[in-house]
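Have a look at the structure below, then the notes.
Residue numbers (full-length UniProt numbering): 1 to 344.
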């Protein structure tokens with residue numbers, strides 16, 4: 001795969017020039033984005049993601065962030081097991097967000113400080129740390145392509161003028177084969193309604209990769225509207241497909257996308273409902289889960305969607321599942337858990 005040209009060689013947009021000219025305070029944050037780096041971590045002593053020697057990626061298993069463990073350590077259990085309190089095997093690294101596929105894992109770790117900062121930590125099959133990327137912000141989304149080659153993560157950031165005192169996002173893409181890191185994908189050429197789109201408030205989040213490691217989907221937000229975009233790594237371009245699609249998750253058969261749609265009917269300040277979009281027909285249907293879900297759902301298989309919801313007692317989250325075809329009902333799958341990640 002030919003990587004896109006470095007962001008510094010691409011022409012800046014009018015929006016980016018205005019942003020740079022208007023933001024003095026945010027320069028600290030944006031400079032941190034510009035110098036995010038990937039390094040070998042052999043011999044590092046600054047609290048890397050550490051798993052117990054016997055804990056590794058192997059399938060079929062469901063991996064998840066166990067909120068029963070100190071610092072949210074990763075645990076696993078059999079994929080087919082649906083008893084919410086079934087025994088789990090613990091001993092994984094401590095992560096705020098986690099995802100794994102193809103013998104590669106991505107662990108997002110938040111670190112204290114002002115402004116907030118975090119590490120995107122790359123782990124091998126034995127969950128040994130091989131690389132890390134330092135980024136400002138708060139961990140939000142993490143995804144690894146099916147082959148384990150392509151990684152993406154989203155951080156919440158602060159300081160942008162168009163966002164005022166609210167959060168905006170920074171989404172990165174890392175190609176492990178070439179080592180090429182796109183620190184912030186905001187400058188990807190975007191086509192909306194057949195025309196090149198420019199705006200100072202463009203934000204991306206929630207990348208999900210196709211099997212070919214070239215095509216990807218993500219959410220783009222601008223001027224109060226969210227859209228599903230289809231991206232191409234080889235040409236480094238993206239086009240908008242549909243409005244009101246957030247946090248897409250591509251099915252194992254690559255034919256459907258699970259996503260959260262803003263309906264205004266959610267609970268606890270989560271105005272989204274899970275839907276599934278057929279990419280061939282572009283028809284969508286709601287899932288049987290009617291509670292507001294603020295998560296990037298995961299496909300346990302071609303028929304089942306998994307996602308995290310806050311617990312009724314307010315102490316962490318649980319992982320629930322629901323059929324992908326809109327039938328059935330939600331079922332509690334793993335108690336005290338988040339970041340559900342099937343390893344096949």
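Every residue gets a Cβ at the ideal spot worked out from N, C-alpha and C, and that includes glycine.
Reference residue 187, options 93, 323, 194, 231, closest by Cα: 231
Based on DSSP bridge pairs, tell me the residues matched to residue 109. 119
My parser needs the beta strand (DSSP E) runs of 3 or more residues fully inside the stretch 198–261; what are they? 203–209, 215–222, 225–232, 237–243, 246–250
Exposed unless 16 or more other CB atoms sit within 10 angstroms - verdict on residue 315: exposed
Quick check on DSSP: helix, strand or coil for residue 150? strand
For residue 186, name the three-state secondary structure that DSSP assigns. helix
To the nearest angstrom, report how far apart residue 155 and residue 318 are at their CA atoms. 22 Å
Can you tell me whether residue 289 is buried or exposed? The criterion is at least 16 other CB atoms within 10 Å of its CB, across all chains shown. buried
Since residue 300 is in the beta strand (DSSP E), which residue starts that stretch and which ends it? 298–301
Leaving aside the five residues before and after residue 125 along the sequence, list all residues of the same chain whose C-beta is less than 7 Å from its C-beta, in chain order. 56, 57, 103
Considering only residues of the same chain and omitting the five flanking positions on each side of residue 79, which have a CB-CB separation below 7 Å? 60, 61, 62, 300, 342
Within its chain, find whatever has a CB closer than 7 Å to the CB of residue 275; leave out the 5 residues flanking it on each side and keep chain order. 259, 261, 284, 285, 286, 287
Give me the DSSP bridge partner(s) of residue 61. 78, 343
Sort 92, 144, 344 by Cα distance to residue 207 and report the nearest one. 144
By Cβ distance, which residues of its chain are closer than 6 Å to residue 117, with the 5 residues on each side in sequence left out? 111, 136
For a quick check, are the C-beta atoms of residue 54 and residue 73 less than 8 Å apart? no
Take residue 153 as the anchor and find which of 180, 119, 128 has the nearest alpha-carbon. 119
Please report how far the alpha carbon of residue 195 lies from the alpha carbon of residue 243, in whole angstroms. 16 Å
Taking 8 Å as the cut-off, decide whether the C-beta atoms of residue 210 and residue 174 are in contact. no
At the level of alpha carbons, what is the spacing between residue 106 and residue 327? 32 Å
Reduced DSSP secondary structure (H/G/I, E/B, other) of residue 274: strand
From residue 123 to residue 302, what distance separates their C-alpha atoms? 26 Å
Assign residue 101 to one of three DSSP states: helix, strand, or coil. strand
Same chain only: Cβ atoms within 6 Å of residue 227, ignoring 5 sequence neighbours per side: 220, 240, 243
Residue 133: buried (16+ other C-beta within 10 angstroms of its C-beta) or exposed? buried
Using the rule of at least 16 other Cβ atoms within 10 Å of the residue's Cβ for burial, across every protein chain shown, is residue 223 buried or exposed? exposed
For the beta strand (DSSP E) that contains residue 285, what are its first and last residues? 284–286
Which value, in whole angstroms, describes the spacing of the CA atoms of residue 14 and residue 245? No answer about residue 14 holds up, because its pLDDT of 41 lies below 50 and its placement is not dependable.
Is it the case that the Cβ atoms of residue 298 and residue 338 are separated by a distance below 8 Å? no
Measuring only the C-alpha atoms, how far is residue 306 from residue 291? 14 Å
Taking a contact to mean a Cβ-Cβ separation below 8 Å, would you say residue 51 touches residue 113 in this structure? no
Quick check on residue 87: buried or exposed, where buried means 16 or more other Cβ atoms within 10 Å of its Cβ? exposed
Beta-carbon proximity of residue 169 to residue 140, cut-off 8 Å: yes
Can residue 99 and residue 157 be called in contact, C-beta distance under 8 Å? no
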